[in-house]
Amino acid sequence: MVEAARTAVRTASGGAGILRFLGRRLVQGVIVILIVTLIVFALLHLAMPQGPAQGILGMQATQEQIDAFNRANGFDRPLWQQYFTFLSQIAVGDLGDSFKLNRPVADAIGQRLPKTLVLALISMVVALIVAIPMGIYQAVRRGKTGDYVFTTMNFIIYSTPSFFLGLVLVIVFAQWLHLVPALAPQGDTVAQVLAKPAGLVLPVATAALGIIATISRYMRSATIDNLSEDYVRTARAKGTPMPVVIRRHVVRNSLTPVIAMLGYYLPVMFGGMIVVESLFNYPGMGLLFWTSAQTGDYPVLLGCVLVIAVATVVGSILADLVQALLNPRTRGELA
Amino acid sequence: MSATDRTATPVQGTDDAETPMLRIRDLAVTFRTDDGPVEAVRGIDLDVRRGEVLALVGESGSGKSVTAMAVLSLLPATAKRTGSIELDSRELTSLTEAELNGVRGKEISMVFQEPMTALNPSMRIGDQIAEALLNHGVGTKQEAARRAVELLARVGIPEPERRAAGYAHEMSGGQRQRVVIAIALACEPKLIIADEPTTALDVTVQAEILDLIRELAHSSGTSFLLVTHNMGVVADIADRVAVMYRGEMVEHGTAMQVLREPNADYTKRLLDAVPRLPEGGETVPPAGEPDSTGPGGVALPVPVLSLRESSVTYRKAGKSFTALDQVSIDIAAGEILGLVGESGSGKSTLGKVALGLAPTSGGELRLFGEKLGRGGLRGRAERRLRGRVGAIFQDPGSSLDPRTTVGEAIAEPLVVHRAVRPMSGRDRAARVRELLEAVELPASYASRFPHELSGGQRQRIGLARAIALEPELIIADEPTSALDVSVQAAVLRVLRELQERMDFACLFISHDLAVVHEFSHRVAVMHEGRIVELGATDDVLLRPQHPYSQRLLASVPVPDPVAQRERRVARLAARSAA
């Protein structure tokens, strides 16, 4: 990674190229986010043709109350007007107000998002620490017992829904063995959550296991591909011992596609977090999304989806950028 | 360097000659496959003496590369090796992996065929060379880095300091091969095993790399075990030759003896199959004369293919690259126009333009007198016209769909153009049988899949498919370059017979000047996107006028040690004069 940093610095001399590349990707990203908001906006209104009034005011609300609510909130205007109002608001960072939480959506998400990011980051780091050596080990021992054992394990984990996996972990490690609590630490800030690390063990484990199963497969196949490359033969022919060939030549070239993939994996992680957070009652954005979906708090839902869309776009730009910077061949194409 | 004559001196019984440096006895290699064991090498003996260049020759599947890989135990895990390999009386086959790593790169090193992929893409060139030194504890990191720069200079890389800090993708194939040679040289090994070191390179680059190898062998006394299929390369550089066929050693001796007076039948057949350019002056009439076109090559009023100032420009990494630069060319009906040039010269691009597979950025393309593209025929009319053009591509393996039977592949153009030429399913099947017979394959092959066929058979399928619609023009892009010489000879014979019978015109693209000479009425030489010389075959290939054509022709090694020595001396003299 030092090498990558050095590379990034050196390439900065051709910074105009990178800026142009980033600019192009940003424009694409904004278009994608616009389309996402449009689709979600349309879907939510299709699901609730009356608008959210019924959901917010309750089943007992009279038609007059509903009409008054719709007028007050602008839900009687044409849909395209409502959509453009929404767009102009998010342009200044205003995601509207929650119907249920009695606070601005941006506030609610702003308070929950860091905690989700922390949980996702810890899970990802743990997963990488396990998955990358596992993938390399499997590639080197391809077709041998160790490879089959890990492959079988990975497929079992991969095919198990994460809520079920989480439940199994809770039963075994919390209820039977009493090693760790079954409930995630509660609190408004990241610091409060991190203060009780024991409570993070099961959420992190649940999220990480799924990632391990995926990334170790990627790492395994990338390593296998690289092991059959001609440069490995060149390295061996100059007397480099095989473990050194793997460490010095193969791992770096195999990591490039895997690291790039992490960027694309970001939105998948957000999806996973919804399940993990609601399972362990972790106070993050995933849980917020889940409860808002149940109560029909649609400004919050739309805000969450927007955040995920932004994360997806940023993740894929980062993925492209990292991949381009790691690979000396594409580094030139940035210019 | 001086025109040192290594090939003409038969290796005399010096002191070292009695005790060969590398002594291989009864080497056998068997691969474990799903279809049972495959014997790749069947008990061969081979000696490499100190300071000599030994060429190990043979066609694909002869076991020559496997033999080379077996010396340093670089065979895949599915291979089983028996027999003895001694380096200076030290048995290599019983060494542990750690002991082998002490030999690899230190006492014996290797140069491989594919310079484009032989280097680590994400490691600096200098580090890759220094690694060879550091593996064997030669010097500190700083010393190794300095030595790496020296080695780059030694193998003729300009600006070695800058290159050492760069990456492989910034270099051409020839430069990369020089780097691989620098890695092999790093620890000054006794023996360098070079497996087809120039096969992937252009002839002018090949000549430079062979000069480098010759100079290294001469100045440092390094022995070379050179694996190659190219008899011209053998004639150029080898002191002795060993010929392999289907895992066995069929002949060995001095280069002079094996190439000029071969004993084994196989060697004779192999040498006969090598296409050669006649010596200047002597001429061979080309196959079938084109319609009312003299050998001088004055094209007919209505050529089948006519390009006027056609250009093709690609954008790569923000820079535009002109693959084809205002090229004008005509092919008359029934004429075979040979198109020669090195990689990147634009010859394949020209073929693609003729097939409508590359967009031109200007100029005019006419097929059979009709203008195509802007201001000309488009859509259905264009497609109908293009149906009269057939194509044959280089790689017979990948240009056939692995999930399609041979019969379906041949019938495909008939199906695509059914609107123009309606045909019942039964007629189509009959036509497929007829086409298979035309390329001298049994009709029963229609139900086979490509993987069941050999490379030569697959290329005949490509040929059958190309003639299915009875084209008036065939674009053949390196149709025999992936084939062994004996197979190439057979495929070319079929192509020539078909041409005589069907009288189609042909744009024959090849880097092999001798093949082009045998096959073409007229020849065009391409260089950097332009046609630098165009004329009757013998004029261009035997009496070239343009300096590039002259350099190209001088670089082609001929499979005769004496003639090749003269050519080399002449080429080096011309270079030092220039």
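Going down the list, the protein sequences come from chains C and D.
Residue numbering for the first sequence follows the working numbering, starting at 1 and increasing by one per position.
Residue numbering for the second sequence follows the working numbering, starting at 1001 and increasing by one per position.
Just so you know, even glycine gets a beta-carbon here, dropped at the ideal spot from N, CA and C.
| Asked | Found |
| --- | --- |
| Separation of Q1488 (chain D) from I1410 (chain D), as counted between CA atoms | 21 Å |
| C-alpha distance - I132 (chain C) paired with V322 (chain C), whole-angstrom precision | 18 Å |
| Identity of the residues DSSP links to I341 (chain C) by a beta bridge | The first residue shown for chain C is 1 and the last is 335, placing residue 341 (chain C) beyond what the model contains. |
| Assigned exposure category for F1224 (chain D) - 16 Cβ within 10 Å defines buried | buried |
| Interface positions of the region 1192-1216 of chain D facing chain C (Cβ-Cβ less than 8 Å), listed along the chain | none |
| Chain D contact for T234 (chain C) (CB, 8 Å cutoff) | yes |
| Minimum Cβ-Cβ distance from Y1314 (chain D) to chain C less than 8 Å | no |
| C-beta neighbour in chain C for K1106 (chain D), strict 8 Å | yes |
| CB contact below 8 Å: P1471 (chain D) versus chain C | no |
| 7 Å Cβ cut-off: residues of chain C touching F1031 (chain D) | The premise fails here: F1031 (chain D) is roughly 16 Å from chain C at the closest Cβ pair, so nothing lies under 7 Å. |
| Rounded distance between the beta-carbons of A222 (chain C) and S254 (chain C), thought under 8 Å | 4 Å |
| Residues of its chain near H249 (chain C), where Cβ-Cβ distance is below 6 Å and the 5 sequence neighbours each way are ignored | A235 |
| Residues that DSSP places opposite D76 (chain C) in a beta bridge | DSSP output for D76 (chain C) lists no bridge partner at all. |
| Cβ-heavy atom distance, T1199 (chain D) to the ligand GTP, below 7 Å | Of ligands this structure carries none, so the ligand GTP is not represented either. |
| Chain D contact for E277 (chain C) (CB, 8 Å cutoff) | no |
| Cβ neighbours of M1249 (chain D) in the same chain (closer than 8 Å, five flanking residues each side left out) | I1044, D1045, L1046, A1242, V1243 |
| A139 (chain C): contacting residues in chain D (beta-carbon distance under 8 Å) | Going along chain D, no residue has its Cβ under 8 Å from A139 (chain C), so there is no contact; the nearest lies around 14 Å. |
| Span separating the alpha-carbon of F69 (chain C) from that of Q60 (chain C) | 14 Å |
| G1126 (chain D) - DSSP class collapsed to helix/strand/coil | helix |
| Inter-stretch contact (C-beta, 8 Å, three-pair minimum) for the region 1217-1231 of chain D and the region 1131-1150 of chain D | no |
| CB contact flag (A1132 (chain D), C1187 (chain D), <8 Å) | yes |
| Minimum Cβ-Cβ distance from V1180 (chain D) to chain C less than 8 Å | yes |
| DSSP three-state assignment for A1358 (chain D), whether helix, strand or coil | coil |
| Length-filtered (4 minimum) alpha helix (DSSP H) runs lying within the region 1486-1531 of chain D | 1513-1519 |
| L1400 (chain D) vs R1458 (chain D) beta-carbon contact at 8 Å | yes |
| Cut-off 7 Å between Cβ atoms - residues of its own chain near E1251 (chain D), not counting five sequence neighbours on either side | V1243, V1258, P1262, N1263, A1264, T1267 |
| Extent of the continuous beta strand (DSSP E) to which E1251 (chain D) belongs | 1248-1254 |
| Close Cβ partners of Q1550 (chain D) (< 7 Å) along its chain, the five nearest in sequence each way excluded | P1544 |
| Cβ contact check for the region 199-207 of chain C and the region 1072-1084 of chain D: 3 or more pairs under 8 Å | no |
| Every unbroken alpha helix (DSSP H) within the region 1092-1152 of chain D, with a cutoff of 4 residues, ordered by chain | 1097-1103, 1125-1135 |
| Short-range partners of chain C found in the region 1161-1187 of chain D, where Cβ spacing is below 9 Å | G1166, Y1167, A1168, H1169, E1170, V1180, I1183, A1184, A1186, C1187 |
| Given I1108 (chain D) as reference, the closest of D:G1139, D:L1185, D:V1053 once Cα atoms are compared | D:L1185 |
| Neighbour flag for T1117 (chain D) against chain C, beta carbons, 8 Å | yes |
| Proximal residues to S316 (chain C) (C-beta, below 7 Å), its chain only, five neighbours per side dropped | G263, Y264 |
| Status (buried if at least 16 other CB within 10 Å, exposed otherwise) for L1054 (chain D) | buried |
| Segment contact flag, the region 168-178 of chain C with the region 136-147 of chain C, C-beta cutoff 8 Å, min 3 pairs | no |
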